[in-house]
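Here is the structure we will look at.
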Amino acid sequence: MARRIIASLLLLALVLVWVVPFGGLLITSARSTKHANETGFWTAFQTNEIGYSFKTKGKEAVERIGDDWVIKGNIFDERNAADQDLAAQNNEPKTFDIHGSVARFGSGAANPDVAAPGETIDIRDGQFTLHENGDYTWVFETEYTKSGKTIGVRVAHPPQFGLRNYKRAFADGRIPNALINSFIVTIPATIIPVMIAAFAAYAFSWLQFPGRDLLLGIVIALLVVPLQLAFIPVLSIYANLADWAGDLSASLGWCSGQECDYPAKTFSGLWIAHTAFGLPLAIFLLRNYIAGLPRELMESARLDGASHLQIFTKLVLPLSLPALASYGIFQFLWVWNDLLVALILGPTSDLVLPIEIQKQIGTFKSELERLNASAFISMIVPLIVFLSMQKYFVRGLLAGSVKGG
């Protein structure tokens, strides 16, 4: 009983470790800049007081009412209209409107806690009154001839969410391009090692050839080699291959001059790198599964005259779909979220999503909600892949645990 309780608590802690940051990222991505920067995501569903600076109307709005000169307006309407005009000028999506009620206000941006809504304070020889809904009146005994005044206001905000940050991410153009580039890299870098590893796993499981156990031992040993150790020699090989390809093309007359300068960092280089780095684990996992298939099934197929290729394509592949899908999920998630390999071996102009988001950290470091929207976009695809293939993933994790009779 105690073990079950401990296991349940550990599982709950593990779930919270993943769910809480994910929820925070999703909530923050739907908030405004002001809310995201000044309040935590855990306060998003309650009313928060946030300080703002509003500028009133000036001499252009003054009117004579009886013996007084009066300026009237609404701080929320005026600020929202100005923000919309600015967004239109910058070709950006509509901004979050400022909604809420006035909690406190003051005569300067740095002093918003002087008066409560409905109270009157002295500002520039006039009597200024601000109401809870944002309406204000500014009364003077003589005609006012100056510009508007910046006042500090603390606004009580109800929960507010929107899709503006996602619209901004897609309107920018860089995130959609990076999304396409990630698909270009990830799909081939997942399919190629899965197919190669399936052939190799079948050979290690059911074919007899000299040095089979030695080769399998080498493959397993490669699992412990740190990925980072291979970067410098691999990058050097790519550079040499690019030079060799350029020299060969020039000697054959296919190109001349700078036309023969082939780039060393291309999508094909990423496919090769991810295939090479992923094959040891793929062969190890698939070999365990394929070796556990019923021996009688293989022997019956051979007695019926089936070749190894026929056995592989018509028996082994269909029966191994759970293991293939399981490793495919691993490889897809690894390649999709990879930053290091793409940063070193990938093209510098066609960036994948992790690198584009890394660049945005420096560009939009004060816009937390925009970064979170981009990050959530990058999480949607692997999340869909994992959830849609979850049953294969679980079955694949058990590959080889139950041997065939």
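Going left to right, the sequence shown walks through residues 1 to 405 as UniProt numbering numbers them. All C-beta atoms in this analysis are idealised placements derived from N, C-alpha and C, irrespective of residue type, glycine included.
A direct Cα-Cα distance of roughly 38 Å separates PHE76 from PRO354. Taking a C-beta distance under 7 Å as the contact criterion, VAL19 and ALA178 do not qualify as a contact pair. Looking at the DSSP output, ASP68 sits in a beta bridge with ILE65. For LYS314, there is no enclosing beta strand (DSSP E), as DSSP marks it with neither H nor E.
For the pair PRO280 and LEU223, the CB atoms are nearer than the 7 Å cut-off. A straight-line Cα-Cα distance of about 19 Å links VAL234 and PRO188. For secondary structure counted as the beta strand (DSSP E) over 3 or more consecutive residues, the stretch 1 to 77 holds these complete runs in sequence order: 48 to 55, 63 to 65, 68 to 74.
Beta-bridge partners of ASP135 (DSSP): ASN74.
Setting aside the 5 residues that flank it on each side, ASN165 is surrounded in the same chain by SER29, GLU369, ARG370, ALA373, each with a C-beta closer than 6 Å to its C-beta; the list follows chain order. For ARG168, the uninterrupted alpha helix (DSSP H) segment begins and ends at 164 to 172. In this structure, ALA109 lies near GLY152, with their beta-carbon atoms less than 7 Å apart. With respect to TYR392, SER326 sits close: the two C-beta atoms are nearer than 7 Å. Out of TYR144, GLY106, ALA13, the CA that lies nearest to the CA of LYS57 is found in TYR144. GLN390 is classed as exposed because its beta carbon has fewer than 16 other beta carbons within 10 Å across all chains shown. With 16 or more other CB atoms across the displayed protein chains lying within 10 angstroms of its CB, ALA203 is buried. The closest CA to that of VAL155, considering only LEU343, GLY51, LEU303, is found on GLY51. The stretch 158 to 175 and the stretch 82 to 93 touch, with three or more beta-carbon pairs separated by less than 8 Å. The beta carbon of LEU25 sits closer than 7 Å to the beta carbons of ASN372, ALA375, PHE376 from its chain, once the five residues preceding and following it are set aside; these are given in chain order.
Residues ALA203 of the same chain have their beta carbon placed closer than 8 Å to that of PHE209, with the five preceding and five following residues left out of the count.
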